[in-house]
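Written out below as structure tokens is the structure these notes cover.
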Amino acid sequence: MTVALEVKGVNKRFGGLQALNDVNLLVDEGRIHAIIGPNGAGKSTLLNCFVGRLNPDSGTVIFDGKNLIGRLPHQINQAGVSRVFQTPEIFGELSVIENVMIPALAHRDGIFELNALKPLRREKDIRDKAVDVLDDLGMADKLDMNAASMSRGDKRRLEMAMGLVQEPKLLLLDEPTAGMSRADTNNTIDVLKHIGESRGITMIIIEHDMHVVFSLANKISVLAQGTVIAEDAPENIKGNPKVQEAYLGGAH
Amino acid sequence: MLGLSRNDFLMLLFVLVLVAAAPIILNPFPEGSNFAQFNAGYPDLMQRFVIFGIFAIGFNILFGLTGYLSFGHAAFLGAGSYAGVWMLKLLTINVIPAIIISTVVAGIFSLFIGFISLRRSGIYFSILTLAFAQMSFALAASVLTPITGGETGLQTALNDPRVLDGGATGGNIPAPSLFGLEMGHSWKVAVGDWIWTFNVGYYLCAFVLLIVFYIAIRIFRSPFGMMLKAIKSNSQRLSYTGISPRPYTLAAFVISGMYAGLAGGLMVAMDPLAGPERMQWTASGEVVLMSILGGVGTLVGPVLGAGIIKYFENIFSKINDGLLHQWFSFMPDGIENVIVGIIHPFVGKGWHLSLGLMFMLVVIFLPGGLVGGINGLFRRLFRRRSQ
Numbered sequence: 001m002t003v004a005l006e007v008k009g010v011n012k013r014f015g016g017l018q019a020l021n022d023v024n025l026l027v028d029e030g031r032i033h034a035i036i037g038p039n040g041a042g043k044s045t046l047l048n049c050f051v052g053r054l055n056p057d058s059g060t061v062i063f064d065g066k067n068l069i070g071r072l073p074h075q076i077n078q079a080g081v082s083r084v085f086q087t088p089e090i091f092g093e094l095s096v097i098e099n100v101m102i103p104a105l106a107h108r109d110g111i112f113e114l115n116a117l118k119p120l121r122r123e124k125d126i127r128d129k130a131v132d133v134l135d136d137l138g139m140a141d142k143l144d145m146n147a148a149s150m151s152r153g154d155k156r157r158l159e160m161a162m163g164l165v166q167e168p169k170l171l172l173l174d175e176p177t178a179g180m181s182r183a184d185t186n187n188t189i190d191v192l193k194h195i196g197e198s199r200g201i202t203m204i205i206i207e208h209d210m211h212v213v214f215s216l217a218n219k220i221s222v223l224a225q226g227t228v229i230a231e232d233a234p235e236n237i238k239g240n241p242k243v244q245e246a247y248l249g250g251a252h
Numbered sequence: 253m254l255g256l257s258r259n260d261f262l263m264l265l266f267v268l269v270l271v272a273a274a275p276i277i278l279n280p281f282p283e284g285s286n287f288a289q290f291n292a293g294y295p296d297l298m299q300r301f302v303i304f305g306i307f308a309i310g311f312n313i314l315f316g317l318t319g320y321l322s323f324g325h326a327a328f329l330g331a332g333s334y335a336g337v338w339m340l341k342l343l344t345i346n347v348i349p350a351i352i353i354s355t356v357v358a359g360i361f362s363l364f365i366g367f368i369s370l371r372r373s374g375i376y377f378s379i380l381t382l383a384f385a386q387m388s389f390a391l392a393a394s395v396l397t398p399i400t401g402g403e404t405g406l407q408t409a410l411n412d413p414r415v416l417d418g419g420a421t422g423g424n425i426p427a428p429s430l431f432g433l434e435m436g437h438s439w440k441v442a443v444g445d446w447i448w449t450f451n452v453g454y455y456l457c458a459f460v461l462l463i464v465f466y467i468a469i470r471i472f473r474s475p476f477g478m479m480l481k482a483i484k485s486n487s488q489r490l491s492y493t494g495i496s497p498r499p500y501t502l503a504a505f506v507i508s509g510m511y512a513g514l515a516g517g518l519m520v521a522m523d524p525l526a527g528p529e530r531m532q533w534t535a536s537g538e539v540v541l542m543s544i545l546g547g548v549g550t551l552v553g554p555v556l557g558a559g560i561i562k563y564f565e566n567i568f569s570k571i572n573d574g575l576l577h578q579w580f581s582f583m584p585d586g587i588e589n590v591i592v593g594i595i596h597p598f599v600g601k602g603w604h605l606s607l608g609l610m611f612m613l614v615v616i617f618l619p620g621g622l623v624g625g626i627n628g629l630f631r632r633l634f635r636r637r638s639q
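Laid out in structure tokens, this is it:
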């Protein structure tokens, strides 16, 4: 099986706190890889290192044969890595459909395109693509709503649409179902599973909800105090004594 | 139509009718009446309405869409003005090259200033643009005197080369013209007690306004315009979406700089004189006020704001005590004096006070500016009717 993302020896220190301590990960292509761990284990810090929000003190993150460390966020995105944020980071003043058309345009046109005189209405392909993704996520009736006025769960789904519309090679999901109802969570699981399988998108998912993790993941890495303490198939993770120790707080 | 949606086309048509009929609309009071003072339909002021409207439309493309508040846009207006006068001096008294070159020069100038200033955002960006504009102002008034004419300013002279026109011919300094049609030329039409002035220069400016207003609509409704709005909303997020915000903000900065340069070029086409005070920070601040007053991020707002500020500056400032006494002379003496005493600080030299109060009211009660307020009113009326 080919490796989509290879993380080697990543360290990150914030003052006196060693947030990431020699983290190594191998993410298989076309699979869903979950990263779990107690609060403060360094999961979001690790994702931030993948997308250029943070620069680790040492280590490499190889994607598609290229090191992502030191690259700018928009360059990493253009290389095929999209991120769905934990707290929804959307364009609040714009409509739902515009929020999804922006990443779709970025995917097609690259980091900059001076199409200042072309009417947005003429971008039918982009619009259709955005509508399709929103439809998959059950938001087809909210296209013209103002993004800021939506519920938290809807904002999470919008975030996901913004990631999916780019047809990324690697999709990073930071607690995608937090704040969603059970029904929406199950729908999201189905959508991610379906898209992951049909388009072969590699996904890394950070999640606290074990129902989501065990429904989706092909492989699970457990992070505790900045270190990967276990990496295995889902069925083997539950019985791992190290993992139980970390979650029960007896790690010291 | 013209690549616009129905509503946008109607808006363009509305502005077209408004500027075409401005000499009539702005002169609602018959000549010699008590209120003739409030007539604004004379060429000089109408030209200023339209030129500052262009300046504000351009400024709004930067400030309204991206949220980057430039405090130095007058520098581009000034640079455009100087470039324009030089074209009138060196090339030809025809205004077309002057207007085009002013736009181009301001565009190059804004590319340079924008490239440096846009390394920062928020207040730091504003301070950088302010610093650049004040430097330009100081340079224009001192060391660059050979190019700018120093504090006295730059103007056309009889012995200018005017290569395309064949140089000096004696007689008077030629007035700027459009293929022989002088900018200052006016036709006066008297209908009853009303006198309407149709001025060549005004209609040239109005024509240019319509073109650049149309371009502004297209920019607002384009994918590019949507990216600019996304920068204002969440520039960080945009970069995680694969868009580099820098070239977008720089493009918006240069476009708005070119609008400013165009306004400067039109100013010297109307009156071939450019001084350094055109670059001063007060001039930069004025266009900020125009945008906020009319409605930041709206299309018509900046034009409306420019019109109101120029109206106050030129009309309210001319109302003196003598005039006030004349208006209220029908009242008993004591009351008349009290009323005139109350109104006095708000008009004449105190016109800034009325403008300031109006500005405060708009900012507090109508955060979307006057156009935002009008839109809200219509929406409320419409909703009530549809219920």
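Chains as they are written, first to last, in my numbering: chain D, 1 to 252; chain F, 253 to 639.
All C-beta atoms, glycine included, are put in the ideal place defined by N, C-alpha and C.
Below 8 angstroms on the Cβ atoms is my contact criterion, and I expect residue i with residue j to pass it. Report the Cβ-Cβ distance as a whole number of Å.
i: L158 of chain D; j: V96 of chain D; result: 6 angstroms
i: G509 of chain F; j: F361 of chain F; result: 7 angstroms
i: V539 of chain F; j: F307 of chain F; result: 6 angstroms
i: P275 of chain F; j: M298 of chain F; result: 7 angstroms
i: L171 of chain D; j: K43 of chain D; result: Not confirmed; about 16 angstroms, so no contact.
i: I595 of chain F; j: L576 of chain F; result: 6 angstroms
i: K169 of chain D; j: G80 of chain D; result: 4 angstroms
i: T60 of chain D; j: L20 of chain D; result: With 8 angstroms as the limit, T60 of chain D and L20 of chain D do not qualify as a contact, their Cβ atoms being about 13 angstroms apart.
i: G419 of chain F; j: P413 of chain F; result: 6 angstroms
i: V337 of chain F; j: A526 of chain F; result: 5 angstroms
i: G453 of chain F; j: G436 of chain F; result: 6 angstroms
When the Cα of residue i is compared with those of the options, which residue comes out closest?
i: L120 of chain D; options: D:M180, D:A140, D:I102; result: D:I102
i: D57 of chain D; options: D:K129, D:R156, D:L17; result: D:L17
i: F85 of chain D; options: D:R53, D:I126, D:L105; result: D:R53
i: G434 of chain F; options: F:F290, F:I425, F:A385; result: The question names Gly, but residue 434 of chain F in the sequence shown is Glu. When only C-alpha atoms are compared, the closest one is F:I425.
i: D260 of chain F; options: F:G432, F:L462, F:L340; result: F:L462
i: N451 of chain F; options: F:M522, F:V443, F:R498; result: F:M522
i: L343 of chain F; options: F:I365, F:Q407, F:L416; result: F:L416
i: A288 of chain F; options: F:L629, F:K562, F:F568; result: F:F568
i: D136 of chain D; options: D:Q78, D:K124, D:D109, D:V100; result: D:V100
i: E642 of chain F; options: F:V599, F:G600, F:D573, F:G602; result: Outside the displayed range of chain F (253 to 639) lies residue 642 of chain F, so it cannot be described from this structure.
i: M160 of chain D; options: D:A148, D:E231, D:L192, D:K142; result: D:L192
i: N236 of chain D; options: D:A140, D:I220, D:E245, D:L117; result: D:I220
i: R498 of chain F; options: F:L363, F:Y511, F:W439; result: F:L363
i: I471 of chain F; options: F:G374, F:A272, F:N312, F:L265; result: F:N312
i: M145 of chain D; options: D:L216, D:G9, D:E93; result: D:E93
i: V162 of chain D; options: D:E231, D:N187, D:R199, D:V131; result: Note on identity: in this sequence residue 162 of chain D is Met, with Val being the wrong assignment. Per the Cα distances, D:V131.
i: G374 of chain F; options: F:G423, F:Y320, F:N411, F:L391; result: F:Y320
i: E167 of chain D; options: D:R83, D:E175, D:E231; result: D:R83
i: L268 of chain F; options: F:G444, F:V464, F:G284, F:R300; result: F:V464
i: Y455 of chain F; options: F:G444, F:S438, F:I469, F:I467; result: F:S438
i: L173 of chain D; options: D:E197, D:K142, D:V3, D:L216; result: D:L216
Can you pull the DSSP bridge partners for residue i?
i: N39 of chain D; result: Per DSSP, none; premise fails for N39 of chain D.
i: T188 of chain D; result: None, per the DSSP bridge assignment.
i: D232 of chain D; result: D:I220
i: I32 of chain D; result: D:M203
i: I671 of chain F; result: There is no way to answer for residue 671 of chain F, as the model of chain F reaches only from 253 to 639.
i: A526 of chain F; result: F:L406
i: V540 of chain F; result: DSSP output for V540 of chain F lists no bridge partner at all.
i: L26 of chain D; result: D:E6
i: N11 of chain D; result: D:S58
Examine chain B for any beta-carbon lying closer than 8 angstroms to the beta-carbon of residue i, and answer yes or no.
i: N286 of chain F; result: You won't find chain B in this structure, because its protein chains are D and F.
Exercise. In chain order, which alpha helix (DSSP H) runs of at least 4 residues are fully inside the segment 393 to 417 of chain F?
Worked result: 397 to 400
Problem set entry | the segment 616 to 623 of chain F touching the segment 542 to 556 of chain F, judged by at least three CB pairs closer than 8 angstroms | yes
For this session: Jot down the residue ranges of each uninterrupted alpha helix (DSSP H) in the segment 303 to 380 of chain F, minimum 4 residues, whole runs only, in chain order.
Result: 326 to 342, 347 to 369
For this session: Ignoring anything shorter than 4 residues or poking outside the segment 544 to 581 of chain F, list the alpha helix (DSSP H) runs there in chain order.
Result: 553 to 566, 573 to 579
For this session: Would you list, in sequence order, the uninterrupted alpha helix (DSSP H) runs of no fewer than 4 residues that lie entirely inside the segment 116 to 148 of chain D?
Result: 124 to 136
Exercise. Would you call the segment 106 to 123 of chain D and the segment 473 to 486 of chain F in contact, with 3 or more CB pairs under 8 angstroms?
Worked result: yes
Exercise. At which residue ranges does the segment 57 to 122 of chain D contain complete beta strand (DSSP E) runs of 3 or more residues, listed in the order of the chain?
Worked result: 58 to 63, 81 to 84
Exercise. Are at least three pairs of beta-carbons, each pair with one atom in the segment 321 to 341 of chain F and one in the segment 576 to 584 of chain F, less than 8 angstroms apart?
Worked result: no
Exercise. Can you find at least 3 beta carbon pairs, one from the segment 313 to 327 of chain F and one from the segment 378 to 385 of chain F, that sit closer than 8 angstroms?
Worked result: yes
Exercise. Is the number of C-beta pairs between the segment 489 to 509 of chain F and the segment 144 to 157 of chain D that are closer than 8 angstroms three or more?
Worked result: no
For this session: Count the C-beta pairs between the segment 194 to 210 of chain D and the segment 35 to 42 of chain D that are closer than 8 angstroms, then say yes if the count reaches three, no if not.
Result: yes
Exercise. Are there three or more Cβ pairs, one per stretch, closer than 8 angstroms when the segment 19 to 38 of chain D is compared with the segment 184 to 204 of chain D?
Worked result: yes
For this session: Mind the definition here: the segment 353 to 370 of chain F touches the segment 481 to 491 of chain F only if three or more C-beta pairs lie below 8 angstroms; say whether that holds.
Result: no
Problem set entry | Length at least 3, wholly inside the segment 455 to 526 of chain F: the beta strand (DSSP E) runs in chain order | none
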